[in-house]
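Chemist: Sharing a structure with you now.
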Amino acid sequence: MTLTLSVKKIDFDPQVSQLHINGTVSEENKHVKIGSYHTLDLELHRNFTLTKQEWDSISLERLDKACNPTKRAEIGAVVLQEGLANVCLITDYMTSLQQRIEIHIPRKRKENVTDYQKNKGINKFYETVMQAMLRSFDFKNLKVILIASSGFVGEGLIKYIFNEAIKVDNKGLLQSRPKFLQLHCSSGHMHSLNEVLNSPSVSAKLIDTKFAQETMALNRFYKTLHNNETKAWYGIKEVFLAAERGAIETLLISDMLFRSNDVNERRRYVKLVETVKQNGGKVLIFSSLHESGHQLNQLSGIAAILTFPINIDVNDE
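Per my numbering, residue 84 is the first one in the sequence shown, and the count goes up by one each step.
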């Protein structure tokens, strides 16, 4: 059965990579009435046709990048502490929590390093994390695999993984050893992932990825704002005025703004992006599903680093 819906609402579930579509039936079908409400779940490998009255340049560019695997960069990451681990996959457009692991690890009062390494609880924890990684990560195509922990838990996990890989002769995993990067973080909770991704050693590994470019641009914006506030502006009115003066070197804009229900508002942002590019500026469209995108959304979803300082009075718009 083929259904044609006029989409009213969408909701994306990153945990299962599924898009929930709500809308009204717009073409006659013997099974459902025109105008009746229906819900569809679109998931990986399920074909569908998307039709719009008007395709803007931003939508076409993002579709092209999302559909072309050669234009995507992926990162595997595990942030952990004793008994807690978050296994994540990072793409150009989102940070997806693949699995959260919590296991109680019983400890003896007096336990030396050797006792700790033989602790059945910690080895069970390592095994569970390793299995989650094997299910979630495509080790061949990942650029880097980040293992970040407080203490020495991350080091222990890496040793466990490759000892087990040698035992079973897992060549794919053994060949991926150079991609593993061990780092320190404050805890095994998800918020520590941003702390890890901002570290210089990680930035150097990910310099050519969209995510790293977003993170570095946002950090540069904050630094410019601190050192010379007339060369860094945020807010819708302020950034539009800066664009009118041809002053924008780098535009930071959230994908959230292109999802407005107001078509004219979306067109304004598309026109802004095109204007900045025509004037020789750089445009970075931040994903709201990344931590850097969350931070930009707190600044109204739009900011700019300028080529020259300007004073802006929004009352004189």
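The C-beta atom is built at its ideal place from N, Cα and C for all residues, glycine as well.
Note that the coordinates shown come from a computational prediction; the quantities given were computed from them, not determined experimentally.
Taking A287 as the reference, give the member of V227, D396, Y317 with the closest Cα.
Modeler: For A287, the nearest C-alpha among the options comes from V227.
Chemist: Exposed or buried, F95, counting other C-beta atoms within 10 Å across all chains shown (16 or more means buried)?
Modeler: By the 10 Å Cβ count, F95 comes out exposed.
Chemist: Can you name, in chain order, every residue of its own chain whose Cβ lies under 7 Å from the Cβ of S269, other than the five neighbours on each side?
Modeler: Taken in chain order, the residues that qualify are S233, S275, E278.
Chemist: Looking only at its own chain, which residues have a Cβ that is under 8 Å from the Cβ of I331, when we skip the five neighbours before and after it?
Modeler: Taken in chain order, the residues that qualify are V322, A325, V359, N362, G364, A387, I388, L389, T390.
Chemist: Just verifying my parser: in three-state terms, what is the DSSP assignment at E157?
Modeler: Looking at E157 - three-state DSSP - the assignment turns out to be coil, as it is neither helix nor strand.
Chemist: What number of angstroms, rounded off, separates the C-alpha of V251 from the C-alpha of T122?
Modeler: Whole-angstrom Cα-Cα distance: 45 Å.
Chemist: Take Q296 and list the residues in its own chain whose beta-carbon comes closer than 7 Å to its own, dropping the five residues that flank it on each side.
Modeler: Result list for Q296: L367, in chain order.
Chemist: Confirm, please, whether the CB-CB distance from M213 to Y243 is below 9 Å.
Modeler: In this structure, M213 lies closer than 9 Å to Y243 by Cβ.
Chemist: Buried or exposed: G384, going by 16 or more other Cβ atoms within 10 Å of its Cβ?
Modeler: That one is buried.
Chemist: Between L257 and chain D, is any beta-carbon pair separated by less than 9 Å?
Modeler: In the structure shown, chain D does not exist; there is a single protein chain.
Chemist: Hey, would you say I184 sits closer than 9 Å to F208, going by beta carbons?
Modeler: Cβ atoms of I184 and F208: closer than 9 Å.
Chemist: Taking only the alpha-carbon atoms, compute the straight-line gap between I71 and N253 and give it to the nearest angstrom.
Modeler: Absent from the structure is residue 71, since the part of the chain shown begins at 84 and ends at 400.
Chemist: Classify M177 as helix, strand or coil using the three-state DSSP reduction.
Modeler: Of the three classes helix, strand and coil, the one that applies to M177 here is strand, per DSSP.
Chemist: When we look at the beta-carbon of W138 and count the other beta-carbons within 10 Å, is it buried (16 or more) or exposed?
Modeler: By the 10 Å Cβ count, W138 comes out exposed.
Chemist: If you run the structure through DSSP and keep just helix, strand and coil, what is L225?
Modeler: L225: coil per DSSP, three-state reduction.
Chemist: What's the C-alpha gap between T107 and S284?
Modeler: Rounded to whole angstroms, T107 to S284 spans 50 Å at the Cα level.
Chemist: Mind reading off the beta-carbon distance from I104 to V356? Whole number of angstroms is fine, and I expect it under 8 Å.
Modeler: Contact flag wrong, Cβ pair sits at about 27 Å.
Chemist: Could you work out which residue in S337, P189, I393, I188 is closest to G329 when comparing CA atoms only?
Modeler: G329 has its Cα closest to that of I393, out of S337, P189, I393, I188.
Chemist: Near A111, what residues of its chain come up, given a Cβ to Cβ distance below 8 Å and the 5 sequence neighbours on each side ignored?
Modeler: First, the amino acid is wrong: residue 111 is Glu here, not Ala. Here the set comprises I117.
Chemist: Classify L125 as helix, strand or coil using the three-state DSSP reduction.
Modeler: Three-state DSSP puts L125 in a strand.
Chemist: Classify D147: buried if its beta carbon has 16 or more other beta carbons within 10 angstroms, exposed otherwise.
Modeler: D147 comes out exposed.
Chemist: Please identify the residue among I241, R218, K223 whose C-alpha is closest to the C-alpha of L229.
Modeler: If we check each option's Cα against that of L229, I241 comes out closest.
Chemist: For the beta strand (DSSP E) that contains T298, what are its first and last residues?
Modeler: Not the beta strand (DSSP E): T298 falls in the alpha helix (DSSP H), residues 293-310.
Chemist: Between which two residues does the beta strand (DSSP E) containing L379 stretch?
Modeler: Segment 374-380 is the alpha helix (DSSP H) holding L379; no beta strand (DSSP E) there.
Chemist: Return the bridge partner residues of N169 from the DSSP annotation.
Modeler: Bridge partners of N169: V162, R183.
Chemist: Taking the alpha carbon of C171 as the point to measure from, which residue in R218, L180, Q164, F131 has its own alpha carbon closest?
Modeler: Checked all of R218, L180, Q164, F131; the closest Cα to C171 is L180.
Chemist: If you measure between the beta carbons of G239 and V161, is that distance less than 9 Å?
Modeler: No, Cβ-Cβ distance for G239 and V161 is not below 9 Å.
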